[in-house]
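Chemist: Got a structure for you, questions after.
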Amino acid sequence: SQKIEQNSEALNIQEGKTATLTCNYTNYSPAYLQWYRQDPGRGPVFLLLIRENEKEKRKERLKVTFDTTLKQSLFHITASQPADSATYLCAPTNSGNTPLVFGKGTRLSVIA
Amino acid sequence: ETGVTQSPTHLIKTRGQQVTLRCSSQSGHNTVSWYQQALGQGPQFIFQYYREEENGRGNFPPRFSGLQFPNYSSELNVNALELDDSALYLCASSFPGTNEKLFFGSGTQLSVL
Chain A
-1 SQKIEQNSEA LNIQEGKTAT LTCNYTNYSP AYLQWYRQDP GRGPVFLLLI
49 RENEKEKRKE RLKVTFDTTL KQSLFHITAS QPADSATYLC APTNSGNTPL
99 VFGKGTRLSV IA
Chain B
-4 ETGVTQSPTH LIKTRGQQVT LRCSSQSGHN TVSWYQQALG QGPQFIFQYY
46 REEENGRGNF PPRFSGLQFP NYSSELNVNA LELDDSALYL CASSFPGTNE
96 KLFFGSGTQL SVL
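As structure tokens, this is what we get:
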């Protein structure tokens, strides 16, 4: 069956450091992979989408990589700030109108 | 703000009752998905509606049902509530025919006592 694993339920890092979150998937051949941010009691917010033919995508302090051979995506936040503290969800997705399936998420805490 | 609104924000029901949750999609979006999120878990896909037809369903029993209306607003109905149905219920809309970039509402927190 399809499986999504996100590294460690919780990740604590110091302000200013780079946070790296991992998303591994099995029994998938996703056409693209999405990352979302979720704050407590709120719905997820879309951050980035990377397609299978893209190795890397950047948006401000965020960087996402996608390795279809390793079946893995890495999500980096550089120069992290306490405001980056949230749960980050990945969703490898097949093409078209296939519903999104999310991992459990990684709760990131950036400590000042 | 995403433009997706859900009501009510909080709801308390007792076991065996029925509940209806509502969602208004972002303008121009004709695809709506519903998710259940238990505490500490990722959102679990319940079902998706596209042009008023169910277009995919997750591993949820038939007592979870839905509707999409011509204005693309949507309802989630849950019959015979169980304690394990206590969760945050999220509605998400997306551009026509795609699940690239979902826009989520803030959710309805359902407590079943």
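Chains as they are written, first to last, in this note's numbering: chain A, -1 to 110; chain B, -4 to 108.
Idealized CB from N, CA, C, for every residue including glycine.
1. Note down, in chain order, every chain B residue with its Cβ under 9 Å from the Cβ of residue 30(A).
2. If I measure Cβ to Cβ from residue 70(A) and keep anything under 6 Å in the same chain, skipping five residues before and after, which residues do I get?
3. Residues in the stretch 87 to 107 of chain A with C-beta within 8 Å of chain B's C-beta atoms, listed in sequence order?
4. Would residue 18(B) and residue 81(B) be called neighbours here (beta carbons separated by less than 7 Å)?
5. On the three-state DSSP scale, how would you describe residue 34(B)?
6. For residue 117(A), is the classification buried or exposed, using 16 other Cβ atoms within 10 angstroms of its Cβ as the cut-off for buried?
7. Determine, using beta carbons only, whether residue 28(B) comes closer than 7 Å to chain A.
8. Mind checking if residue 12(B) is an interface residue toward chain A, Cβ cutoff 7 Å exclusive?
9. Is residue 78(B) helix, strand or coil by DSSP?
10. CA-CA distance, residue 65(B) and residue 103(A)?
11. In angstroms, rounded to a whole number, what distance separates the CA positions of residue 58(A) and residue 107(B)?
Modeler: According to the structure shown:
1. For the purposes of this step, residue 30(A) is taken as residue 32 along the first sequence, with counting starting at 1. Against chain B, a Cβ distance below 9 Å from residue 30(A) picks out 95.
2. Numbered from its first residue, the first sequence carries residue 70(A) at position 72. Answer for residue 70(A): 22, listed in chain order.
3. Listed by position along the chain: 87, 91, 94, 95, 96, 97, 98, 99, 100, 101, 102, 103.
4. By one-based count along the second sequence, residue 18(B) stands at place 23. By one-based count along the second sequence, residue 81(B) stands at place 86. Result no, Cβ atoms of residue 18(B) and residue 81(B) do not sit closer than 7 Å.
5. Sequence index remark: in the second sequence, residue 34(B) carries index 39 (1-based). Residue 34(B): coil per DSSP, three-state reduction.
6. Any answer about residue 117(A) is impossible in this case: the structure gives chain A only from -1 up to 110.
7. Here residue 28(B) refers to the residue found at position 33 when the second sequence is read from its first residue. At least one C-beta of chain A is nearer than 7 Å to the C-beta of residue 28(B).
8. One-based indexing of the second sequence puts residue 12(B) at position 17. Residue-level contact by beta carbon fails for residue 12(B) and chain A, as no gap is shorter than 7 Å.
9. Here residue 78(B) refers to the residue found at position 83 when the second sequence is read from its first residue. Shown here, residue 78(B) sits in a helix according to DSSP, grouped into three states.
10. Reading the second sequence from its first residue, position 70 is the one you call residue 65(B). Reading the first sequence from its first residue, position 105 is the one you call residue 103(A). Going by the C-alpha atoms only, they are around 34 Å apart.
11. Residue numbering aside, residue 58(A) sits at position 60 when the first sequence is read from its first letter. Residue numbering aside, residue 107(B) sits at position 112 when the second sequence is read from its first letter. Using only the alpha carbons, I get a separation of about 42 Å.
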